[in-house]
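Okay, so here's the structure we're looking at.
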Amino acid sequence: SFEPQITEKMPKVKTNRIKYPDGWELIEPTLLELDAKMREAENDPCDGKRKCEALWPIFKIAHQKSRYIYDLYYHSNQLSKELYEFCLDQGYGDRNLIAKWKKPGYERLCCLRCIQTRDHNYGTTCVCRVPKHLREEKIPLPNGHAHGCQIFYGVE
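Everything in the sequence shown is counted per this note's numbering, starting at -14 for the first residue and increasing by one.
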């Protein structure tokens, strides 16, 4: 009788499943809701809006996602280090923005574009970075502000 000999092993099946850390089920609904809002904002027609105005909702939602993760980890201690790193690695939060929030004077930074001097006239930062008591009355936040600081903190 002839029996075939198997000399090669079958290749291991790789699954593309993401292994979620403990505690994920507690924050998943909020992050999925913010992701849905982000998709809505990205697909929203920008008829009659300037390019910068169309980006405001996207910057706002990105800020909300990052702030949600930051607050849960640093202020209420509800996230484990593993879950915090997982969220940042999967793109649920902006690692660089959160790093700035940890530095004194940047706690209320709305986006990284505010501090990039190349994006502003005269090589300065955004006027929203100037403390309110030091602002000249003549310099309001510009209407064409590309990242919507007035959405976060209001024009005063």
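Think of the CB as a built atom: it goes at the ideal place given N, C-alpha and C, for glycine as much as any other residue.
About 12 angstroms separates the beta carbon of residue 44 from that of residue 113, a gap too long to meet the 8 angstroms contact definition. A check of alpha carbon separations from residue 20 across 72, 102, 56, 57 identifies 72 as the nearest.
Contact annotation: residue 6 and residue 57 have beta-carbon atoms that are not nearer than 8 angstroms. For residue 26, same chain residues with a beta-carbon under 7 angstroms away, outside a window of 5 residues either side, are 42, 43, 46 in chain order.
If you check the CB distance, residue 83 and residue 51 come in under 8 angstroms. Looking only at 32, 101, 115, the smallest Cα-Cα distance to residue 90 is reached by 115.
For the region 50 to 117, the continuous alpha helix (DSSP H) assignments of 4+ residues that do not extend past its boundaries occur at 66 to 74, 80 to 86, in sequence order. Residue state for residue 24 is assigned as helix, using DSSP reduced to three classes. Taking C-beta atoms as the reference points, residue 100 and residue 109 fail to come closer than 8 angstroms. The beta carbon of residue 94 lies closer than 6 angstroms to those of 85 in the same chain, with the five residues before and after it left out. The residue among 48, 98, 59 with its C-alpha nearest the C-alpha of residue 76 is 48. By the 16-neighbour rule on beta-carbons within 10 angstroms, residue 40 is buried.
Taking C-beta atoms as the reference points, residue 33 and residue 54 fail to come closer than 8 angstroms. If you draw a straight line from the Cα of residue -3 to the Cα of residue 81, it comes to about 37 angstroms.
A residue is called buried once 16 or more other Cβ atoms fall within 10 Å of its Cβ, and residue 11, having fewer, is exposed.
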